[in-house]
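Novice: Residue numbers (full-length UniProt numbering): 1 to 393.
From the three backbone atoms N, C-alpha and C, an ideal C-beta is built for every residue, glycine too.
The model shown is predicted, which means the values in this text are computed figures rather than measured ones.
Pasting a structure here, questions to come.
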Ligand code: FDA
């Protein structure tokens, strides 16, 4: 005999747990199934272990989707302040790091513990290490074949996340299930992911690994002014992670290494005031010394400034404000924070996350084609879409 529940949620991550507690408080008998050994693994590793759990400035403009208006309704009805109120009710200390980005002061575990406590208070049952092998429809809803026997429910919520970090339990199961029920999938790719470089540039930059500097990077009409980090494999840091979501193979990046300065005027002024100085000296006023050294060396800018004519200084300034490079690729799902694309939202209700042609089937969180910028927006989407479905499922 199959066990029956009102709501079964596949995926004990951010969106699934939020949805479970919300539905549980409505008096629904909720079961959460997850194939991993522990719930909320991505919450634990997020924000460098401190979980950037929301962003006070989150707005639909911070999300990518083929259907950009889809996220508006859920985000409006469950706001960053609603989540913050929950966090404060649980006495979790937090701090604002960059504008609007809220992190736990101590540990991401506090956010996971808060969600598990809410689920407990709401009477939710969570079963880990439970794989789902098949889903079929019944007269009353859905029947799931699981590694712990069959389960039946009225409402089925898919909260299986994206493909990033497979070692944390990520799988394509949510997409397969969506396809089974006739829902199209917007092609997926890794987002918020570091870039890899071609051998020559990689070798040149490798000694600078660990150096971070503020830049403005642009690609495909998007730009971000944030720090860039040189790594042993290529380029990372918030600027590169952000722009990676807009980059496609073969695209070039344009990097302004001095976004807060005017190298055209600055180089001429320095030449006038200290003609014997070098480009490296000019650069090291604004960039880490080792970076300035390596950059000047790479371009052969070694002569005293007085030996450069105006057009030569302008060309140097152009390179500094528009350093152009074509990444070899990205590190892919192995290290990506998110998966772009996913279940096509045009087949879902933006108010409830229910599939239009499949009553009782809901899709929430990262598995759907809504992807946030870096900075707490992805969790805000997980909370908001989880609440939207939890209020009706
Ligand atoms: P999530 O991935 O959290 O959960 C999915 C669950 O489904 C998992 O528990 C998984 O085991 C389970 N599952 C998958 N397939 C299954 C199957 N076949 N059967 C059963 N269960 C299955 N965002 C942010 O806003 N602020 C931040 O600080 C960070 N930091 C960050 C760091 C790193 C390293 C990563 C990888 C990601 C982030 N993110 C982030 C992104 C954020 O973690 C992500 O967007 C949310 O966790 C998505 O929540 P979901 O619940 O949709 O998926």
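Measure the C-alpha to C-alpha separation of residue 82 and residue 12 and round it to an integer number of angstroms.
Specialist: Here residue 82 refers to the residue found at position 82 when the chain shown is read from its first residue. Here residue 12 refers to the residue found at position 12 when the chain shown is read from its first residue. If you take the alpha carbons of residue 82 and residue 12, they lie about 21 Å apart.
Novice: Check whether the Cβ of residue 42 lies closer than 6 Å to any heavy atom of ligand 1, and answer yes or no.
Specialist: Within the chain shown, the letter at position 42 stands for residue 42. Checking the Cβ of residue 42 against ligand 1 gives yes.
Novice: Does the pairing of the segment 55–69 with the segment 361–379 give three or more beta-carbon distances under 8 Å?
Specialist: At 8 Å Cβ cutoff, the stretches touch.
Novice: According to DSSP, is residue 53 part of a helix, a strand, or is it coil?
Specialist: One-based indexing of the chain shown puts residue 53 at position 53. Strand, per DSSP.
Novice: With C-beta atoms as the reference, is residue 159 less than 7 Å away from residue 365?
Specialist: Start at 1 with the first residue of the chain shown, and residue 159 comes out as number 159. Start at 1 with the first residue of the chain shown, and residue 365 comes out as number 365. Yes; because the gap between Cβ atoms is below 7 Å, this pair is in contact.
Novice: Quick check: does the Cβ of residue 240 come within less than 6 Å of any heavy atom belonging to ligand 1?
Specialist: In the chain shown, the residue the question calls residue 240 occupies position 240. Result no, Cβ not under 6 Å from ligand 1.
Novice: Among 154, 264, 334 and 372, which has the Cα closest to the Cα of residue 167?
Specialist: Counted from its first residue, the chain shown places residue 167 at position 167. For the residues 154, 264, 334 and 372, the minimum Cα distance to residue 167 belongs to 334.
Novice: Tell me the DSSP secondary structure of residue 155 in three-state form.
Specialist: Translated into positions along the chain shown, residue 155 becomes position 155. Residue 155: strand per DSSP, three-state reduction.
Novice: With DSSP run on the structure shown, which of helix, strand or coil describes residue 58?
Specialist: Residue mapping note: residue 58 aligns to position 58 of the chain shown, counting from 1. Reduced to three states, the DSSP call for residue 58 is coil.
Novice: Exposed or buried, residue 34, counting other C-beta atoms within 10 Å across all chains shown (16 or more means buried)?
Specialist: Here residue 34 corresponds to residue number 34 of the chain shown, with the count starting at 1. Buried, by the Cβ-count rule.
Novice: Using only CA atoms, which one of 79, 162, 106 and 101 lies nearest to residue 91?
Specialist: Numbered from 1 along the chain shown, position 91 holds the residue referred to as residue 91. The option with the nearest alpha carbon to residue 91 is 106.
Novice: On the CB-based measure, 16 or more other CB atoms within 10 Å of its CB, does residue 50 come out buried or exposed?
Specialist: Working through the chain shown from its first residue, we reach residue 50 at position 50. Buried, since its Cβ has 16 or more Cβ neighbours within 10 Å.
Novice: Compute the minimum distance between the beta carbon of residue 35 and the heavy atoms of ligand 1, and state whether it is under 6 Å.
Specialist: Taking the first residue of the chain shown as 1, we reach residue 35 at position 35. At least one heavy atom of ligand 1 is nearer than 6 Å to the Cβ of residue 35, so yes.
Novice: Nearest CA to the CA of residue 67: which residue from 185, 89, 126 and 181?
Specialist: Reading the chain shown from its first residue, position 67 is the one you call residue 67. Ranking the options by Cα distance to residue 67, first place goes to 185.
Novice: Measure how close the beta-carbons of residue 272 and residue 313 come, nearest whole angstrom, since I'm counting them as under 8 Å.
Specialist: Translated into the one-based positions of the chain shown, residue 272 becomes position 272. Translated into the one-based positions of the chain shown, residue 313 becomes position 313. Actually they do not touch by this definition, with Cβ atoms about 11 Å apart.
Novice: Give me the Cβ distance between residue 338 and residue 155, rounded to the nearest whole Å; I'm assuming they're in contact under 8 Å.
Specialist: As a position in the chain shown, residue 338 is number 338, starting the count at 1. As a position in the chain shown, residue 155 is number 155, starting the count at 1. Between residue 155 and residue 338 the Cβ distance is about 26 Å, and since that is not below 8 Å, they are no contact.
Novice: Could you check the C-alpha separation between residue 212 and residue 275 for me, to the nearest Å?
Specialist: Position 212 of the chain shown, counted from the first residue, corresponds to residue 212. Position 275 of the chain shown, counted from the first residue, corresponds to residue 275. So the two alpha carbons sit approximately 29 Å from each other.
Novice: Based on the DSSP secondary-structure assignment, which residues constitute the bridge partners of residue 101?
Specialist: Your numbering for residue 101 matches position 101 in the chain shown. In DSSP, residue 101 forms a bridge with 55.
Novice: Inspect the CB distances between the segment 236–251 and the segment 293–300 and report whether three or more fall short of 8 Å.
Specialist: Because the criterion of three Cβ pairs below 8 Å is not met, the segment 236–251 and the segment 293–300 do not touch.
Novice: When burial is assigned at 16 or more other CB atoms within 10 Å of the CB, is residue 356 buried or exposed?
Specialist: Walking along the chain shown from the start, residue 356 turns up at place 356. Counting Cβ neighbours within 10 Å, residue 356 comes out exposed, since fewer than 16 surround it.
Novice: How far does the alpha helix (DSSP H) with residue 310 in it extend, from its first residue to its last?
Specialist: Numbered from 1 along the chain shown, position 310 holds the residue referred to as residue 310. Start and end: 310–321.
Novice: Which complete beta strand (DSSP E) runs does the segment 63–139 hold, if anything under 3 residues is left out?
Specialist: For the segment 63–139, whole beta strand (DSSP E) runs of length 3 or above, ordered along the chain, are 94–96, 101–104, 125–127 and 132–137.
Novice: Tell me the residue span of the beta strand (DSSP E) that contains residue 377.
Specialist: The count along the chain shown starts at 1 and reaches residue 377 at position 377. Counting along the chain, residue 377 falls outside any beta strand (DSSP E), though it belongs to the alpha helix (DSSP H) covering 377–390.
Novice: For residue 163, which three-state DSSP category applies?
Specialist: Sequence index remark: in the chain shown, residue 163 carries index 163 (1-based). Looking at residue 163 - three-state DSSP - the assignment turns out to be coil, as it is neither helix nor strand.
Novice: Which of the three DSSP states is assigned to residue 23 in this structure?
Specialist: As a working note, residue 23 is residue 23 in the chain shown. DSSP places residue 23 in helix when its eight states are reduced to three.
Novice: Check the DSSP bridge columns for residue 150 and list the partner residues they point to.
Specialist: Sequence index remark: in the chain shown, residue 150 carries index 150 (1-based). Beta-bridge pairing links residue 150 to 145.
Novice: Using beta-carbon positions only, say whether residue 345 and residue 190 come within less than 7 Å of one another.
Specialist: For the purposes of this step, residue 345 is taken as the residue at position 345 of the chain shown. For the purposes of this step, residue 190 is taken as the residue at position 190 of the chain shown. It is not a contact, given that the beta carbons lie outside the stated cut-off.
Novice: Is the segment 70–82 touching the segment 120–133 in the sense that three or more CB pairs, one from each, lie closer than 8 Å?
Specialist: Not touching, per the Cβ criterion.
Novice: List in chain order: all unbroken alpha helix (DSSP H) runs of 4+ residues lying wholly within the UniProt domain "RsdA/BaiN/AoA(So)-like insert" (189–338).
Specialist: Taking only runs of at least 4 residues, the alpha helix (DSSP H) segments lying wholly in the UniProt domain "RsdA/BaiN/AoA(So)-like insert" (189–338) are 199–205, 237–244, 263–273, 279–284, 289–299 and 310–321.
Novice: Rounded to the nearest angstrom, what separates residue 149 and residue 143 at their Cα positions?
Specialist: Your numbering for residue 149 matches position 149 in the chain shown. Your numbering for residue 143 matches position 143 in the chain shown. Cα to Cα, the separation comes out at about 11 Å.
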